[in-house]
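In this note's numbering, the protein residues as written are -5 to 321.
Every residue gets a Cβ at the ideal spot worked out from N, C-alpha and C, and that includes glycine.
Please read these numbers as outputs of a predicted model, since none were measured by experiment.
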């Protein structure tokens, strides 16, 4: 029996998931795995809104897998250690994983390589899962990434985005009883924004359908309207991978028109910044194009900014919306 582990990370979906499709194609049995990494907690990235949205995503993913004969295995601890443990339990010959972009993701890949180095298990990375076009797919002559969007966009359009994959009909786990931690829930995660959106692939796909058949048509004129509600609201779903950037590009192009073209351009902007981050991990916390801004630190002013009490109406309105809706 040929077994593979499919490690879910920022691709918490069944539709258009090249990682899952490849694992199912290459192995007789597949173990869908999500690891709740201790490092995320230590780094301070376990904010209540994130935990609540993630809980929705994992519950939805598990439900989708169960409909197909599988289930989501959840483990808690260092990712490489938990993956190695599962490989030993199942005799898996391959671990499939979406290629990451951030410094954290690339460190995780190196730790996985090290953990599997003395085993008979191969680590297989898959590109163009988190983004529509993989970072590094197009680069300027003599450099490893584009620093300006316009020339990047020209190359991005010419390169073309991969086709969309259908969701699998069946997922078969290995024989035996694999242990799994309980699925996380929204209960007890802390103070969540009152109007935080529902997470999960089903919620994301409903939002995509509504967006493409409705407000997309006016997106070219409306997306810069600060007071309007004219954007897709798909950012958190793209972040957690409950919807596919490549699928969105394809479906928006099918719709066409100024709105579709404008939306595709914004998805290309997302890819652009991912390729910057892949080449320069410090871009996540510092300006990669220094502007000699003069910063000052004042706790009272920071609190006023966070709570929408600076006295600048446009700033305060934006921060109050962020606090209320969580995105």
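With a cutoff of 9 Å on beta-carbon distance, residue 123 and residue 12 are scored as near each other. In this structure, the CA atom of residue 211 is about 30 Å from the CA atom of residue 307.
Closest by C-alpha distance to residue 112, out of 87, 119, 284, 131, is 87.
Around the beta carbon of residue 140, a 10 Å sphere encloses 16 or more other beta carbons of the protein chains shown; the residue is thus reported as buried. Contact between residue 63 and residue 165 holds: CB atoms are separated by about 6 Å, below the 8 Å threshold. CA-CA distance, residue 256 to residue -3, rounds to 43 Å.
Within the same chain, 73 come within 6 Å of residue 31 by CB-CB distance, once the 5 residues on both sides are set aside. Residue ranges of uninterrupted alpha helix (DSSP H) with 4 or more members, entirely inside the stretch 202 to 250 and ordered along the chain, are 213 to 216, 229 to 234, 239 to 249. In its chain, beyond the 5 residues on either side, 222, 224 have a beta carbon closer than 7 Å to the beta carbon of residue 216. Excluding the 5 residues flanking it on each side, residue 320 has same chain C-beta neighbours closer than 6 Å at 43, 187, 190, in chain order. Annotation: residue 135 to residue 150 spans about 15 Å, alpha carbon to alpha carbon. At a Cβ-Cβ threshold of 9 Å, residue 48 and residue 2 do not count as neighbours. DSSP places residue 28 in the strand class (E or B) of the three-state scheme. Collapsing the DSSP output to three states places residue 0 in a strand. DSSP places residue 84 in the uninterrupted alpha helix (DSSP H) bounded by 73 to 84. For residue 91, the enclosing beta strand (DSSP E) has its first and last residue at 88 to 92. Residue burial annotation: residue 279 is exposed, with fewer than 16 other C-beta atoms found within 10 angstroms of its C-beta. Around the Cβ of residue 213, a 10 Å sphere holds 16 or more other Cβ atoms; the residue is buried. For residue 18, the secondary structure class from DSSP, reduced to helix, strand or coil, is helix. In this structure, the straight-line span from the alpha carbon of residue 81 to that of residue -1 is close to 7 Å. In this model, residue 265 and residue 114 are separated by some 34 Å (Cα to Cα).
In the DSSP annotation of this structure, residue 9 is not part of any alpha helix (DSSP H), being labelled neither H nor E. Rounded to whole angstroms, the Cβ separation of residue 129 and residue 272 is 4 Å, and the two are in contact under 8 Å.
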